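Visitor: First to last, the sequence lines map onto chains A and B.
Our numbering numbers the first residue of the first sequence as 35 and each following residue consecutively.
Our numbering numbers the first residue of the second sequence as 35 and each following residue consecutively.
Note that CB positions come from ideal geometry on N, CA and C, so glycine has one too.
What you are looking at is a predicted structure, and each value in this text was computed from that prediction instead of being measured.
My questions will all concern the structure given below.
2 protein chains.
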Amino acid sequence: MTELSTESGREVRYKDVSAAADRLSGIARRTPVLTSSSLDRRIRANAFLKCENFQRTGSFKFRGAFNTMSQLSAESRASGILTYSSGNHAQAASLAGQILGVPVTVIMPEDAPAVKLEATRGYGAQIVTYSRAETTREELAQRLSFERSLPVIPPYDHPHIVAGQGTVGLELVEDVEDLDLLLVCCGGGGLLSGCAVAAKHIRPGIRVIGVEPAAADDATRSFYSGRLVTVRDPDTIADGARTPSLGTITFPLVLQFVDEMVTVTDGELIEAMRFLWERMKIVVEPTGALAAAAVMAGRVAVEGKRVGIVVSGGNIDLQRAAQLFAR
Amino acid sequence: MTELSTESGREVRYKDVSAAADRLSGIARRTPVLTSSSLDRRIRANAFLKCENFQRTGSFKFRGAFNTMSQLSAESRASGILTYSSGNHAQAASLAGQILGVPVTVIMPEDAPAVKLEATRGYGAQIVTYSRAETTREELAQRLSFERSLPVIPPYDHPHIVAGQGTVGLELVEDVEDLDLLLVCCGGGGLLSGCAVAAKHIRPGIRVIGVEPAAADDATRSFYSGRLVTVRDPDTIADGARTPSLGTITFPLVLQFVDEMVTVTDGELIEAMRFLWERMKIVVEPTGALAAAAVMAGRVAVEGKRVGIVVSGGNIDLQRAAQLFAR
């Protein structure tokens, strides 16, 4: 794992995001920015939605995974990598591996939804399942990494991952002039901190706001207390934000570059999802609707402002979504 | 009604579509064109989806309605217009009226879904309901038009409507170079004929293909027989294509500018919708998925080609969609 963790140190600077953008050019999708006059009327502001649900594999995660894996040594490319995720990072790393010719092994819980196991296998990855009762994915990853001499591509807490995710913010600030605010959902903080680094460099006056589920407010509490707070197994539909805490790379970046953290309830999330699906015609997963929900629920003062909103992903089973909408 | 039907005659030429584009500039949305590498792999072609589900009011219908209503006399603008639709045209005409300051009265069946009545009222239209058992919407429209001296804005069979809808094809052929094929869904033929007029002018070599539900194949049979065929109350989930026949304006244009007509089953439509929702993350109504379904079901030879696909709209109740996907 040394190869991945030491090369660029613990900091992420704008030049790292910019270099990631070069690596991703022509490979990741430059996702469209959508607007909605009914949303604008409702929030009395101009909203610009950066649609990473249209990114390859259906979420922003592909950016960080590809940026990281494209910097592997020739040796590691040949022997392959190891990663763990029950969600979007698994598919992202698997596709990045397929493109780069890197064998990918993904550690997933044995009770992961069949559809996610299938999607990950569909990108050619090998899957190792484990019992949640017997071990954690981090322990298993560490053991397998040692036994098989494979580097681990972590889901968020690595400078290359953060730099890759930061290209979302870079593109949005490049494509939409004069943004006053930028709202980004927050799980492990890779997307939030990367976007903050990029946006603040290009537009120093922009206000960057992170959004968490109310039941998984570890980053919010960490941000306001200055100490890393952990929340385990939070009860929220936003599965991408169930990560227990910010990481050692992302926490300092969030403290340095983010201006404010807010939370929304699951009910508010569902209302925002309903608006995004019904009115804006985009399929957005619960975590992907966090930033929009914060604006629509009035958690942030936006009146008269130009507001960038990151829609982080759209991977949700349609029947599961129907259940949420029937609540 | 004379005011609307005589001014530009029965033909629609490229200059009419181009003039419509000028009227719609800054008012209608220039909708994005989406691509998908998984779709391309699946159909072994390059597909370009023109996403009119992102158009204002959720379908292409806004283009034709606004183009027509913006050409009303000052007198008609003040007194208002009459239209009939249980679907997308009602919302489109209502919003166009709101923007232009034209009072809009919409004739809708008394058993229309509450959500559609609400959406139409939400744009400020007045609604007149009727019993399907007692009259037809065309009869009622004619009677009210006479009694109230209001012009009728028809849903498809008018040159200004056709010219407005044609801007969809115009934008797609402008935004995507070297298209070989253009697939467009067909109900009353306004969108299909307008797009064909525009696309053939800009790119004479392009092959334009209309797509209907198998159970509502009136236009396909009309096209191949050269005689106007009517299919009443067809059993298909594609409600926007349940119109009984092409119109007197649209039929000759379809004969002149369209190269081929194909049909797809409701089962194929649902499979295409599932792909568009699950993989491409866009909310598409059944009629809106017709053109994509024709390609995915292999109704058209597309291998190695550059294929424009019009996604016409995204207005569907989420619970209704869940029922379709559960089939």
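Answer yes or no: do A230(A) and V292(A) have a C-beta to C-beta separation smaller than 8 Å?
Guide: Closer than 8 Å, so yes.
Visitor: Figure out for me which residue from G98(B), G121(B), A124(B) and G131(B) has the closest Cα to the Cα of S110(B).
Guide: Comparing Cα-Cα distances from S110(B) to each of G98(B), G121(B), A124(B) and G131(B), the minimum goes to G131(B).
Visitor: If I follow the unbroken alpha helix (DSSP H) through G200(A), where does it start and stop?
Guide: Here the alpha helix (DSSP H) through G200(A) covers P193 to D209.
Visitor: Rounded C-beta distance between A99(A) and A126(A)? I'm assuming under 8 Å.
Guide: 4 Å between Cβ atoms; contact.
Visitor: Check whether the Cβ atoms of Y164(A) and P147(A) lie closer than 8 Å to each other.
Guide: Cβ atoms of Y164(A) and P147(A): not closer than 8 Å.
Visitor: Return the Cβ separation of R97(B) and Q199(B) in integer angstroms, given the expectation that the two are a contact with Cβ distance under 8 Å.
Guide: That pair is a contact at about 6 Å.
Visitor: If the cut is a Cβ gap below 7 Å, which residues of chain B does N87(A) touch?
Guide: Correct list: K315.
Visitor: From E41(B) to D50(B), what does the alpha carbon distance come to, in whole angstroms?
Guide: With a pLDDT of 44 at E41(B), under the threshold of 50, the modelled position of this residue cannot be trusted; read the value that follows with caution. Between E41(B) and D50(B), the C-alpha separation is close to 12 Å.
Visitor: Measuring CB atoms only, is the stretch 200-209 of chain B touching the stretch 65-82 of chain B, in the sense that at least three cross pairs come out at less than 8 Å?
Guide: Yes, the stretch 200-209 of chain B is in contact with the stretch 65-82 of chain B.
Visitor: Compare the C-beta of L68(A) against all C-beta atoms of chain B and say whether one is closer than 8 Å.
Guide: So yes, L68(A) belongs to the interface.
Visitor: Closer than 7 Å, Cβ to Cβ, to anything on chain A: give me those residues from the stretch 331-359 of chain B, in chain order.
Guide: So the list reads G348, L352, Q353, A356 and F359, given in the order they occur along the chain.
Visitor: Beta carbons nearer than 7 Å to chain A: which residues of the stretch 149-165 of chain B have them?
Guide: Residues passing the 7 Å Cβ filter: none.
Visitor: For F309(B) and A108(B), I'd like the C-alpha separation in whole angstroms.
Guide: Cα to Cα, F309(B) sits roughly 46 Å from A108(B).
Visitor: Comparing alpha-carbon positions, which option in V288(A), I240(A) and Y48(A) lies nearest G221(A)?
Guide: Looking at the Cα atoms, V288(A) is the closest of the given residues.
Visitor: Thinking just about the alpha-carbon of each residue, which of S59(A), L83(A), A325(A) and S72(A) is nearest to the one in T299(A)?
Guide: Residue A325(A) is the option with its Cα nearest to T299(A).
Visitor: Would you tell me roughly how many angstroms separate the C-alpha atoms of A53(A) and T102(A), rounded to the nearest one?
Guide: Answer to the nearest angstrom: the Cα atoms are 11 Å apart.
Visitor: At a Cβ cut of 7 Å, what residues of the stretch 290-321 of chain B count as close to chain A, listed as they run along the chain?
Guide: Listed in sequence order: W311, E312, K315, I316 and V317.
Visitor: Pick from D351(B), L358(B), K339(B) and G347(B): whose alpha carbon is nearest that of H123(B)?
Guide: Of the listed residues, the one whose Cα sits closest to H123(B) is G347(B).
Visitor: From the beta carbon of G92(A), is the nearest beta carbon of chain B less than 8 Å away?
Guide: Chain B contact via Cβ: present.
Visitor: At 4 residues or longer, what runs of the alpha helix (DSSP H) sit wholly inside the stretch 289-343 of chain A?
Guide: The stretch 289-343 of chain A contains these whole alpha helix (DSSP H) runs: 300-312 and 324-330.
Visitor: Measuring CB to CB, does A356(B) end up less than 8 Å from Q353(A)?
Guide: Yes, they are a contact pair.
Visitor: Below 7 Å CB to CB, which residues in the same chain sit around V202(B) once its five sequence neighbours on both sides are set aside?
Guide: So the qualifying residues of the chain are K84, E86, F94, R97, L225, C229 and V344.
Visitor: Measure the alpha-carbon distance for N349(A) versus E319(A) and round it to whole angstroms.
Guide: Using only the alpha carbons, I get a separation of about 6 Å.
Visitor: Just how far apart, CA to CA, sit S227(B) and S227(A)?
Guide: So the two alpha carbons sit approximately 50 Å from each other.
Visitor: Using a beta-carbon distance below 8 Å, is R44(A) in contact with chain B?
Guide: Not closer than 8 Å to any Cβ of chain B, the Cβ of R44(A) fails to qualify, so no.
Visitor: Please go through the stretch 61-149 of chain A and give each complete alpha helix (DSSP H) segment of 4 or more residues, from N-terminal end onward.
Guide: Whole alpha helix (DSSP H) segments, 4+ residues: 71-77, 95-103, 108-113 and 122-134.
Visitor: Report the option in R166(A), E312(A), A272(A) and I236(A) whose CA atom is closest to the CA atom of A248(A).
Guide: Per the Cα distances, A272(A).
Visitor: With distances taken between CB atoms, is the gap from V33(A) to I243(A) smaller than 8 Å?
Guide: Because chain A in this structure spans residues 35 to 361, residue 33(A) falls outside the shown range and cannot be described.
Visitor: Report the residue ranges of all alpha helix (DSSP H) runs contained in full by the stretch 211-244 of chain A; include only those spanning at least 4 residues, in chain order.
Guide: List check, alpha helix (DSSP H) in window: 224-236.
Visitor: Look up T163(B) in the DSSP assignment and give the residues it is bridged to.
Guide: According to DSSP, T163(B) bridges with M142(B).
Visitor: Could you round the C-beta distance between R237(A) and L215(A) to whole angstroms and report it? I think they count as a contact, below 8 Å.
Guide: R237(A) to L215(A), Cβ: 11 Å. No contact.
Visitor: Helix, strand or coil for I247(B)? Go by DSSP, reduced to three states.
Guide: At residue 247(B) the sequence reads Pro, which differs from the Ile that was named. If DSSP states are grouped into helix, strand and coil, P247(B) belongs with the strands.
Visitor: Express the C-alpha separation of K339(B) and G281(B) in angstroms, rounding to a whole number.
Guide: Straight-line Cα distance between these residues: approximately 31 Å.
Visitor: S179(B): which of S120(B), L116(B) and A327(B) sits nearest, CA to CA?
Guide: Closest by alpha carbon: L116(B).
Visitor: Within a Cβ cutoff of 6 Å, which residues of the same chain sit near Q290(A), ignoring the five residues on either side of it in sequence?
Guide: Result list for Q290(A): empty, nothing under 6 Å.
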